[in-house]
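Q: One structure coming up, written as structure tokens, with questions to follow.
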Amino acid sequence: MIRSTTRRKMFGEWRLWGVLGVLCAASCGVQAAPQPARIIFDTDMGNDIDDALALSMLHSFEARGEAKLLAVTITKDNQWAAPYVDLVNTFYGRGNLSIGVVRNGVTREDSPYIRVPSERKRADGTPLHRHDLRDGKAAPDAVDVLRRVLAGEQDNAVTMVQVGFSTNLARLLDSPPDRHSPLNGTELVRRKVRLLSAMAGAFPTGDREYNVHMDLKSAQRLFAQWPTPIVASGFEIGLAILYPASSIEKHFAYVPEHPVAEAYRLYQKMPYNRPTWDLTSVLYAVRPDENYFDLSAPGKISAKDDGHTQFEANANGTHRYLIATPAQRPRILEALVNLASQPPAALPAGLTATAGAVRR
Ligand SMILES: [Ca+2]
Ligand SMILES: [Ca+2]
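Residue 22 is where the sequence shown starts when you use this note's numbering, and the numbers rise one by one after that.
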């Protein structure tokens, strides 16, 4: 009796709150929840370790409802890059995410951090990490993936994050109409992409930077032809904000075989701190309005024949570069560390949490 009276009373209160809610939504200016940033991640996974940490961040952003990862495309032309990306995606619960690879790209050399985790075996001889893309040669062409994914998106909906060479995106711009879209690549990008957040160049010095000079022709085409705004994270940004080795040792210890921590240990002799180049491009892409960074004046970035970058201020320009003041850097680093090391909601089948580890 008491219970049913209480229930009726609660039901009455719920109805009252429901009515108030409807009235308030109509008149109190209640805002809809922000939509997740729709991200395509273009990476030279395997050349430096920041790409792996940047991919972890994107998975954390998706778990938090702040981003939706649409595809990963790869500009490192090595057969282990795509398997490692698939392995990390599977670890974070997104093993079906589309992966596209470059053909006839630059940097073909092998890299232990993308090869060794894929080859790790259990005592019974089965792979430690149960992901299904075991060889990059089996992955589709990056431009085909880019065109398919973009064609399926709403207009002005996609944020592109490019943290390697410009090979794939320059080829996308030059791509003709196909089965995915009647638009050529440049028009498809103009229609669908709201922002390109790119780790590229050096500002304002214009120093030669790896991502630009390793595939200079593609970088030149990208900066000359990209039809929507570009925000570049220059070499100096990540260089001034170092990812701490202590975070790899401590924050990734929730599982003994963390594929990103393992990659970090394989990349260089521990302990070492590493610049956060690619991580900063991801942070800006997903949270552009949270004042982590200042922005340069608008202008035009170009890549010179000697591999240097040049920025010319111009009120009508659509390019800017990130600025991180000394006062801003600790807050940026804290966000990067927390996002890169955030555990997935559940560990993949076959992996067990570290005994006694506290899940944060
Ligand atoms: Ca897969
Ligand atoms: Ca990179």
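Built from N, CA and C at the ideal position, the CB exists for glycine as well. Quick caveat: nothing in here was measured; it's all calculated off a predicted structure.
On the three-pair Cβ rule with 8 Å, is the segment 83-98 touching the segment 114-127?
A: Proximity of the segment 83-98 to the segment 114-127 meets the contact definition, three or more beta-carbon pairs being nearer than 8 Å.
Q: Does the distance between the C-beta of L76 and the nearest non-hydrogen atom of ligand 3 fall short of 8 Å?
A: In the structure on display, ligand 3 does not appear, and the ligands it does have are ligand 1 and ligand 2.
Q: Any heavy atom of ligand 2 inside 8 Å of the beta-carbon of N232?
A: yes
Q: In whole angstroms, what is the alpha-carbon distance linking A240 and G114?
A: The alpha-carbon atoms of A240 and G114 are separated by roughly 33 Å.
Q: Run the proximity test for L190: is its beta-carbon closer than 8 Å to any non-hydrogen atom belonging to ligand 1?
A: no
Q: Got a sec? Which residues, its chain only, sit under 6 Å from E130 by beta carbon, not counting five neighbours each side?
A: Around E130: no qualifying Cβ.
Q: Pull every residue with its beta-carbon under 5 Å away from any heavy atom of ligand 1, and keep them in chain order.
A: D107, G116, D153, L154
Q: How would you label E140, buried or exposed, when you count the other beta carbons within 10 angstroms and need 16 or more for buried?
A: exposed
Q: In terms of residue numbering, what span does the beta strand (DSSP E) encompassing M220 cover?
A: Per DSSP, M220 belongs to the beta strand (DSSP E) from 214-220.
Q: Give a yes or no on contact between the segment 139-153 and the segment 199-208, applying the rule of three or more CB pairs nearer than 8 Å.
A: no
Q: DSSP three-state label for M181, please.
A: strand
Q: Rounded to the nearest angstrom, what separates P365 and M220 at their Cα positions?
A: 26 Å
Q: Does the Cβ-Cβ distance between R143 and L209 come in under 9 Å?
A: No, the Cβ-Cβ distance between R143 and L209 is not below 9 Å.
Q: Which runs of the alpha helix (DSSP H), 4 residues or longer, sit entirely within the segment 296-354?
A: 298-307
Q: Specify the secondary structure class of K97 as computed by DSSP and reduced to three states.
A: coil
Q: Report back the beta-carbon spacing between V109 and V281 to the nearest angstrom; my notes put them in contact at under 8 Å.
A: 7 Å
Q: Among the candidates M291, D315, D156, N337, whose CA atom is the shortest distance from the CA of I135?
A: D156
Q: Between which two residues does the beta strand (DSSP E) harbouring G121 extend?
A: 119-122
Q: Can you tell me which of the three DSSP states T64 falls into?
A: strand
Q: Take every Cβ of the segment 370-377, pair it with every Cβ of the segment 340-351, and state whether three or more of those distances are shorter than 8 Å.
A: Segment contact: the segment 370-377 against the segment 340-351, fewer than three CB-CB distances shorter than 8 Å; contact not assigned.
Q: Would you kindly check if the distance between the Cβ of L304 and the Cβ of M78 is under 9 Å?
A: In contact: M78 and L304 (Cβ atoms closer than 9 Å).
Q: Any contact of the segment 55-72 with the segment 176-185, i.e. 3+ C-beta pairs under 8 Å?
A: yes
Q: So, are the CB atoms of R212 and N177 less than 9 Å apart?
A: Less than 9 Å separates the beta-carbon of R212 from that of N177.
Q: When burial is assigned at 16 or more other CB atoms within 10 Å of the CB, is A361 buried or exposed?
A: Around the beta carbon of A361, 16 or more other beta carbons lie within 10 angstroms, which makes this residue buried.
Q: Indicate the three-state DSSP secondary structure (helix, strand or coil) for M22 in the structure shown.
A: Model confidence at M22 stands at a pLDDT of 41, short of 50, so the residue's coordinates are unreliable; what they give is reported in the following sentence. If DSSP states are grouped into helix, strand and coil, M22 belongs with coil.
Q: Given that a residue counts as buried once 16 or more other Cβ atoms are within 10 Å of its Cβ, and exposed if not, what is E257?
A: Its Cβ being crowded by 16 or more others within 10 Å, E257 is buried.
Q: Sort A58, P369, A160, N294 by Cα distance to V358 and report the nearest one.
A: In terms of Cα proximity to V358, the closest of A58, P369, A160, N294 is N294.
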